[in-house]
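Chains as they are written, first to last, in this note's numbering: chain A, 4 to 126; chain B, 4 to 126. We put the CB at the ideal spot given by N, CA and C, even for glycine. All values derive from a computational prediction rather than experimental measurement.
Protein chains: 2
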Amino acid sequence: MALDLLPVVASSAACCTPVTGAPMSAEDAERTARTLKALADPARLRLLSILASHEGGEACVCDLTDPVGLSQPTVSHHLKVLAEAGFVTRDKRGVWAYFTLVPGAADELAGHLAQHLTPGASA
Amino acid sequence: MALDLLPVVASSAACCTPVTGAPMSAEDAERTARTLKALADPARLRLLSILASHEGGEACVCDLTDPVGLSQPTVSHHLKVLAEAGFVTRDKRGVWAYFTLVPGAADELAGHLAQHLTPGASA
DNA sequence: CCTAGATATCGACATCTGTCAATACCTCGT
DNA sequence: ACGAGGTATTGACAGATGTCGATATCTAGG
Chain A
4 MALDLLPVVA
14 SSAACCTPVT
24 GAPMSAEDAE
34 RTARTLKALA
44 DPARLRLLSI
54 LASHEGGEAC
64 VCDLTDPVGL
74 SQPTVSHHLK
84 VLAEAGFVTR
94 DKRGVWAYFT
104 LVPGAADELA
114 GHLAQHLTPG
124 ASA
Chain B
4 MALDLLPVVA
14 SSAACCTPVT
24 GAPMSAEDAE
34 RTARTLKALA
44 DPARLRLLSI
54 LASHEGGEAC
64 VCDLTDPVGL
74 SQPTVSHHLK
84 VLAEAGFVTR
94 DKRGVWAYFT
104 LVPGAADELA
114 GHLAQHLTPG
124 ASA
């Protein structure tokens, strides 16, 4: 009968739920969190949405400073964060710096999240 | 580049780009950033992905503490943050607390972002 | 009631983050 | 070359955040 061969799970582990796949790795979580942190700021979200509301997803810093109501150094800082996270690209033309939305950057992040944060999506 | 043949814009407003829609409101940016902040942490991403890897997107705290390698109070704190952001729900059954993924929570966020961060998506 | 075990809250601490003023850099027109 | 104006960097500082140990709370059994 082998009664005492398999019992452990049934008797004491009443809190457990079957596992259907592998969770996100620690490195992946670290990387994804860093990307999300770049998005998780009201000023940066507004900056991106302002870019999206301009033709071609492009605008220069002088178009961005006033709407967000922050100082020029602060706006410059936020744009640097967004650029390092891969959400925008910088293009300096003469005196002005133009920032452009990277197409699909947000979508790629969203897809990655959907893949790991949807029940049964690992199958 | 043929800069000299450009129309009247050239003199003073040379840095401007046509606007095609309205950017995200300040309140919306604040709200969305708060939701994103809840996601923007390696431990919380792992917790959610562990939930997603369990049947029904559900697991109890005892299943979550070990894999993330953090103390029990810290895990409890992260789960509270996720619950307040609407990503999980808490259900206490006897001694154990079960957390369940809220279906579509991440998708709703992703959709909201796509709507505001995609060039020309305001139409 | 009292104990044991699971979870939540509290207090404290180090670190990270957003912000601005001051300043440096860089490009253009004069 | 020089000065003016747009942008980036630096330094400093207040506030938010992640983490843990200690402790409170809550439930089931004896």
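| Query | Result |
| --- | --- |
| Measuring alpha carbon to alpha carbon, tell me which residue in B/A25, B/P106, B/C65 and B/Q118 is nearest A/H119. | B/P106 |
| Considering only C-alpha positions, which residue in the set A/P45, A/L51, A/V22 and A/D66 is nearest to A/W99? | A/D66 |
| Whose CA, out of A/M27, A/D94 and A/R96, lies closest to the CA of B/H57? | A/M27 |
| Suppose you measure from the CA of A/V40 to the CA of B/P122; what does that come to, to the nearest Å? | Inspection of the sequence shows that residue 40 of chain A is occupied by Lys rather than by Val. Cα to Cα, the separation comes out at about 22 Å. |
| For A/D94, does the three-state DSSP call read helix, strand or coil? | strand |
| If I follow the unbroken alpha helix (DSSP H) through A/T68, where does it start and stop? | V64 to V71 |
| Under 9 Å, CB to CB, which of the residues in the stretch 76 to 87 of chain A have a partner in chain B? | none |
| On the three-state DSSP scale, how would you describe A/A36? | helix |
| Within its chain, find whatever has a CB closer than 6 Å to the CB of B/A62; leave out the 5 residues flanking it on each side and keep chain order. | L54 |
| Count the other C-beta atoms from every protein chain shown that fall within 10 angstroms of the C-beta of A/A25, then say buried if there are 16 or more, exposed otherwise. | exposed |
| Please look up how many angstroms separate the CB atoms of A/D94 and A/T103, rounded, as I've assumed it's under 8 Å. | 7 Å |
| Which whole-angstrom value is the C-beta distance of A/H81 and A/L42, which I expect to be below 8 Å? | So it is not a contact: roughly 11 Å between Cβ atoms. |
| Counting only beta-carbon separations shorter than 9 Å, does A/R47 have a partner in chain B? | yes |
| Please go through the same chain and pick out, in chain order, the residues whose beta-carbon is closer than 6 Å to the beta-carbon of B/A117, but skip the five residues on each side of it. | none |
| Over the uninterrupted alpha helix (DSSP H) stretch that includes B/T77, give me the two end residues. | Q75 to E87 |
| Verify whether the separation of the beta carbon atoms of B/S79 and B/V64 is less than 9 Å. | yes |
| How would you list, in chain order, the residues of chain A whose beta-carbon sits under 8 Å from the beta-carbon of B/D69? | Residues of chain A passing the Cβ test: none, with the nearest at roughly 12 Å. |
| According to DSSP, is A/A43 part of a helix, a strand, or is it coil? | coil |
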